[in-house]
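Participant: Here it is, the structure, as structure tokens.
Numbering (the numbering used here), first residue to last: 4 to 118.
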């Protein structure tokens, strides 16, 4: 089934960040997200789900298991289950990306205080 941002569930998270649920099942989640400048996600991990983030525009810094990696538009990064991680937009422009999770992360997210 063909989908557009106009006909999928839309939600807000964090400090002005947005998400669009393109595919949502127990075994697979594909979400398009947008993060304004200066925003970040809370450090967390997933016990079951692996994730792949693909940058559509801008660049983000990922903290994964205590290491920092910059991912630019046209690049992606895979995060395996159990690794503490978060995404940060430290740039002066909004970033957009696709995050694919298998299985879906609902009920599988554990928030953390520190790396």
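Each residue gets a CB set at the ideal place from its N, CA and C atoms; glycine is no exception.
Going by CA-CA distance only, name the one from 116, 60, 84 and 92 that's closest to residue 72.
Facilitator: As a first step, residue 72 must be located in the chain shown, where it is residue number 69. Cα-wise, what sits closest to residue 72 is 92.
Participant: DSSP on residue 59, reduced to helix/strand/coil?
Facilitator: Here residue 59 corresponds to residue number 56 of the chain shown, with the count starting at 1. Strand, per DSSP.
Participant: Counting Cβ pairs, one atom from each stretch, are 3 or more of them under 8 Å apart for the segment 71-85 and the segment 27-35?
Facilitator: no
Participant: Determine, using beta carbons only, whether residue 41 and residue 98 come nearer to each other than 8 Å.
Facilitator: The sequence position of residue 41 within the chain shown is 38, counting from 1. The sequence position of residue 98 within the chain shown is 95, counting from 1. The answer is no: Cβ separation not under 8 Å.
Participant: Please report how far the alpha carbon of residue 46 lies from the alpha carbon of residue 29, in whole angstroms.
Facilitator: The residue given as residue 46 occupies position 43 in the chain shown. The residue given as residue 29 occupies position 26 in the chain shown. If you take the alpha carbons of residue 46 and residue 29, they lie about 23 Å apart.
Participant: According to DSSP, is residue 76 helix, strand or coil?
Facilitator: Position 73 of the chain shown, counted from the start, is the residue given in the question as residue 76. Coil.
Participant: Counting only the same chain and skipping the five closest in sequence on each side, list residues whose C-beta sits under 7 Å from that of residue 26.
Facilitator: As a position in the chain shown, residue 26 is number 23, starting the count at 1. Excluding sequence neighbours, residue 26 sits near 32 and 33.
Participant: Run through the segment 6-44 for me and flag every whole beta strand (DSSP E) of 3 or more residues, listed as ranges in chain order.
Facilitator: 13-16, 20-27 and 32-38
Participant: Rounded to a whole number of angstroms, what is the C-alpha to C-alpha distance between residue 102 and residue 57?
Facilitator: What you label residue 102 is simply residue 99 of the chain shown in a count that begins at 1. What you label residue 57 is simply residue 54 of the chain shown in a count that begins at 1. Each residue's alpha carbon lies about 6 Å from the other.
Participant: Leaving aside the five residues before and after residue 24 along the sequence, list all residues of the same chain whose C-beta is less than 7 Å from its C-beta, in chain order.
Facilitator: Start at 1 with the first residue of the chain shown, and residue 24 comes out as number 21. Answer for residue 24: 11, 12 and 34, listed in chain order.
Participant: DSSP on residue 54, reduced to helix/strand/coil?
Facilitator: Counting from 1 along the chain shown, the entry for residue 54 is found at position 51. Here residue 54 sits in strand by DSSP.
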